[in-house]
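Beneath this line is the structure, given in structure tokens, with notes to follow.
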């Protein structure tokens, strides 16, 4: 409640409401309901993790637009390959805790295939800011290269186990940091 009030006072009601919605979705939808009930917990619950770009955009502009929703989409689609690669490394822990992560329930190969689909969706939605006029050609080129890298790394050697998981997990961190960094500096480039 205090965070809501502070964000409302220092930013605006939209940003505060989005932050509150994100917290409630994370606690009640993801943690209480989805985490232990479906192997797609990360997919659906990923919405909570994708709300911070909306909060930031709303705080900075006072509104939401297609670019804000594109960055919501980036985090939403990026979340499954990022967390499923980590889940494959510690899947025995998830199994012992009876948390039905996709690699535990459907196997590593299924998680890898689905990770590739989500990586492709991430790459596609990441170029939207160029088409909304919020970023220039340098951003478009960088987002395309980063997105091809994310999609490509999920396709590499689908049978390699830990090597695949380490590569996808590490690249996913680099990808999201580089993409948002590229957008942050995009006003300084064409």
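Residue numbers (our numbering): 1 to 190. Cβ atoms here follow ideal geometry from the backbone N, Cα and C, with glycine treated the same way.
In chain order, which beta strand (DSSP E) runs of at least 3 residues are fully inside the segment 64-142?
Fully enclosed beta strand (DSSP E) runs of 3 or longer: not present.
Applying the 10 Å Cβ sphere with the 16-neighbour rule, what's the burial state of residue 84?
Stepping through the chain shown from its first residue, residue 84 is reached at position 84. With 16 or more Cβ atoms within 10 Å of its Cβ, residue 84 is classed as buried.
Ignore the nearest five residues each way along the sequence and tell me which others in residue 50's own chain have a CB closer than 6 angstroms to its CB.
Taking the chain shown and counting its residues from 1, one reaches residue 50 at position 50. Result list for residue 50: 72, 75 and 76, in chain order.
Would residue 143 pass as a contact of residue 126 if the rule is Cβ separation under 8 angstroms?
Indexing the chain shown from 1 puts residue 143 at position 143. Indexing the chain shown from 1 puts residue 126 at position 126. For residue 143 and residue 126, yes; Cβs fall inside 8 angstroms.
Report all residues from its chain with a CB closer than 6 angstroms to the CB of residue 155; omit the five preceding and five following residues, and keep chain order.
Within the chain shown, the letter at position 155 stands for residue 155. So the list reads 116, once near-sequence residues are dropped.
Excluding sequence positions up to five away, which residues of its chain have a Cβ less than 7 angstroms from the Cβ of residue 176?
Within the chain shown, the letter at position 176 stands for residue 176. Excluding residues within five positions, the ones whose Cβ falls inside 7 angstroms are 78.
With distances taken between CB atoms, is the gap from residue 139 to residue 183 smaller than 8 angstroms?
Numbered from its first residue, the chain shown carries residue 139 at position 139. Numbered from its first residue, the chain shown carries residue 183 at position 183. Yes, Cβ-Cβ distance for residue 139 and residue 183 is below 8 angstroms.
Using alpha carbons as the reference points, say which of 1, 25 and 137 lies closest to residue 186.
One-based indexing of the chain shown puts residue 186 at position 186. Answer by Cα proximity: 137.
Ordered along the chain, which non-local residues of its own chain (more than five positions away) have a Cβ less than 8 angstroms from that of residue 44?
Counted from its first residue, the chain shown places residue 44 at position 44. Taken in chain order, the residues that qualify are 29, 30, 34 and 38.
How is residue 190 classed by DSSP in three states: helix, strand or coil?
Locating residue 190 in the chain shown gives position 190, where the first residue counts as 1. Residue 190: coil per DSSP, three-state reduction.
Please say whether residue 151 and residue 111 have beta carbons closer to each other than 8 angstroms?
Within the chain shown, the letter at position 111 stands for residue 111. Within the chain shown, the letter at position 151 stands for residue 151. No, the pair does not count as a contact, with Cβ atoms beyond the cut-off.
So, helix, strand or coil for residue 22, using DSSP?
Taking the first residue of the chain shown as 1, we reach residue 22 at position 22. Correct three-state label for residue 22: helix.
Distance, Cα to Cα, residue 167 vs residue 153?
Locating residue 167 in the chain shown gives position 167, counting from the first residue. Locating residue 153 in the chain shown gives position 153, counting from the first residue. Distance between the alpha carbons of residue 167 and residue 153: 7 angstroms.
By the three-class DSSP mapping on this structure, what secondary structure does residue 62 have?
For the purposes of this step, residue 62 is identified with residue 62 of the chain shown, where counting begins at 1. It is coil, neither helix nor strand.
Exposed or buried, which one is residue 14 when buried takes at least 16 other CB atoms within 10 Å?
Here residue 14 is taken as the residue at index 14 of the chain shown, counted from 1. Answer is buried; the Cβ neighbour count reaches 16.
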